[in-house]
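Chemist: My numbering puts the first residue of the sequence shown at 821, with every later residue one more than the last. Structure incoming, see below.
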Amino acid sequence: MRLKDRVAIVVGAGQSPGEGMGNGRATALTFAREGAKVLCVDHNLASAQETVEMIGVNQGTAVAFKADVTKGDELEAMVADAHARWGRVDILHNNVGVSLAGGDAELLDITEEAFDRCTAINLKSCIFAAKHVLPIMRAQQSGVIINISSMAVITTYPYVAYKATKSAMVSFTEQLAYQNAQYGIRANVILPGLMNTPMAVDTRARTFKKSRAEVEAERDSKVPLRKKMGTGWDVANAALFLASDEASFITGVTLPVAGGASVRRG
């Protein structure tokens, strides 16, 4: 019960179609298991509700909330709902992100529309969610913000918008950390590596017209540790540590969760 009586907002608590468990859903389940009340936010309300029902099976507390994270007023409403419902906000976990599914491409092929869409989902949402939660956390003199970036930041990655926005998220998290430390607020960013999630694997299988098994095998072969991708639970457990009091002196940190890929730069 490392998060007992705390209130967490998990943005991206549903998941893409496909097999396995996404990072956001795994994190919502983990936070609830550890005692947090969780607002499960997603643009797909049915998917968020599925997460809530999974939490309820284990007697956890959670509510689904529908939001288009590219719209500031909906992010403001999200924060207001959690605060009105439970009286505080202790954790903001920004998990949303899109690359190929948003039309991302290599530089010579990317369109302005795709770039704007990816930027709004990946970066704008993270910034404005933080904007709306900070006044509450500052008043509390406590709070944790966890942003989910990607190992695409420090390794080769061909698609423009995802790499650029996820890199910007790291700098923004560092800014959050040093500008809010005086208020007792911590901000850290996680870089997931090759993960076996619906967004990562099933989206690629559909896009490149391959079987899921082919995509899995190709990605597994690139992971130094045991030649096996991580799962959403690996990201969730890292987020749990950063959200808990065990990480009370950790802020402004970029944490790779990547099976050793972070030591192989470039």
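Backbone N, C-alpha and C define an ideal beta-carbon position, used for all residues, glycine too.
Excluding the 5 residues flanking residue 821 on each side, which residues of the same chain have their C-beta closer than 7 Å to its C-beta?
Modeler: If we look at residue 821 and ignore the five residues flanking it on each side, its Cβ neighbours are 854 and 855.
Chemist: With DSSP as the reference, identify every bridge partner of residue 967, one or two as the case may be.
Modeler: DSSP, once it has assigned bridges, lists 914 and 1009 as partnering residue 967.
Chemist: My output table needs one value for residue 888: the three-state DSSP class, helix, strand or coil.
Modeler: Residue state, collapsed to three classes: coil.
Chemist: Give me the residue from 966, 1069 and 1047 with the minimum Cα distance to residue 1058.
Modeler: Out of 966, 1069 and 1047, 966 has the C-alpha closest to the C-alpha of residue 1058.
Chemist: Is the beta carbon of residue 1062 within less than 7 Å of some heavy atom of the ligand COA?
Modeler: With respect to the ligand COA, the structure offers nothing, as it holds no ligand at all.
Chemist: Check whether the segment 946 to 956 touches the segment 902 to 915, counting contact only when three or more Cβ pairs, one atom from each stretch, lie closer than 8 Å.
Modeler: Output reads yes: the segment 902 to 915 touches the segment 946 to 956.
Chemist: Under the rule that 16 or more other beta-carbon atoms within 10 Å means buried, what is residue 983, buried or exposed?
Modeler: Residue 983 is buried by the Cβ-count criterion.
Chemist: Just to confirm before moving on: does the CB-CB distance between residue 823 and residue 1063 stay below 8 Å?
Modeler: Against a cut-off of 8 Å, the Cβ pair of residue 1063 and residue 823 comes out as a contact.
Chemist: What separation, rounded to the nearest whole angstrom, lies between the Cα atoms of residue 777 and residue 831?
Modeler: Past the boundaries of the shown model lies residue 777; the chain is included only from 821 to 1086, so the question cannot be answered.
Chemist: Would you tell me roughly how many angstroms separate the C-alpha atoms of residue 1010 and residue 928, rounded to the nearest one?
Modeler: Whole-angstrom Cα-Cα distance: 29 Å.
Chemist: Buried or exposed for residue 836, please, with buried defined as at least 16 other CB atoms from any protein chain shown within 10 angstroms of its CB.
Modeler: Label assigned to residue 836: buried.
Chemist: Closer than 7 Å by C-beta to residue 833: which residues in its own chain qualify, once you throw out the five before and the five after it? Chain order, please.
Modeler: Hits under 7 Å: 844, 845, 848, 860, 861, 862, 868 and 871.
Chemist: Taking the continuous alpha helix (DSSP H) assigned at residue 976, which residues delimit it?
Modeler: Per DSSP, residue 976 belongs to no alpha helix (DSSP H) and is neither H nor E.
Chemist: Going by DSSP, what residues sit across from residue 946 in a beta bridge?
Modeler: Its beta-bridge partners do not exist; DSSP assigns none.
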